[in-house]
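Undergrad: Sending over a structure as structure tokens; questions will come in a sec.
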Amino acid sequence: MTATITVDRVAWLDAIARHPKTLDVHVVAARKLLGDDPSPALTDDEMDEAAFWLQLLGFLKVVDISADGFTYTYKCAMS
7 MTATITVDRV AWLDAIARHP KTLDVHVVAA RKLLGDDPSP ALTDDEMDEA AFWLQLLGFL
67 KVVDISADGF TYTYKCAMS
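According to my numbering, the sequence shown holds residues 7 to 85 in order.
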């Protein structure tokens with residue numbers, strides 16, 4: 007799971023943190039998608055669930071899915 011940032015990184019993370027439907031796990035997952043090594047570490051299942059919610063809330067857009075359907079590439083977006 008990877009993400010390409012095309013928006014201001016700080017503004018994107020701040021928007022996620024301030025959104026009324028996000029939790030701390032969503033911010034941690036967003037930082038991980040950007041290549042940070044945030045604490046606490048998230049399991050693969052937690053990352054998948056957080057990415058799903060970030061996508062539903064408009065913070066991630068799917069740009070590619072691997073042939074096996076297990077690897078997603080996202081573009082960061084502002085909701």
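Each residue gets a CB set at the ideal place from its N, CA and C atoms; glycine is no exception. Just so we're clear, the structure is a prediction, and the values are computed from it rather than from any experiment.
#1: Report the three-state DSSP secondary structure of Ala47 (helix, strand or coil).
#2: Would Leu62 and Ala83 qualify as a contact pair, given that the criterion is a beta-carbon distance under 8 Å?
#3: Hey, Leu39 and Arg15: beta-carbon distance below 8 Å or not?
#4: Applying the criterion that 16 or more other CB atoms from any shown protein chain within 10 Å of the CB defines a buried residue, is Ile22 buried or exposed?
#5: How many Å lie between Phe58 and Ser45 at the Cα?
#6: I think Leu48 touches Val69, with their Cβ atoms under 8 Å apart; what is that distance to the nearest whole Å?
#7: Nearest to Trp18 by alpha carbon, out of Gly64, Phe76 and Ile71?
TA: So, from the listed chains and residues:
#1: Three-state DSSP puts Ala47 in coil, outside helix and strand.
#2: Cβ distance not < 8 Å, so Leu62 and Ala83 don't count as in contact.
#3: The answer is no: Cβ separation not under 8 Å.
#4: Counting the other Cβ atoms within 10 Å of the Cβ of Ile22 gives 16 or more, which makes it buried.
#5: Rounded to whole angstroms, the gap between the alpha carbons of Phe58 and Ser45 is 20 Å.
#6: Between Val69 and Leu48 the Cβ distance is about 22 Å, and since that is not below 8 Å, they are no contact.
#7: Nearest to Trp18 by alpha-carbon distance, out of Gly64, Phe76 and Ile71, is Gly64.
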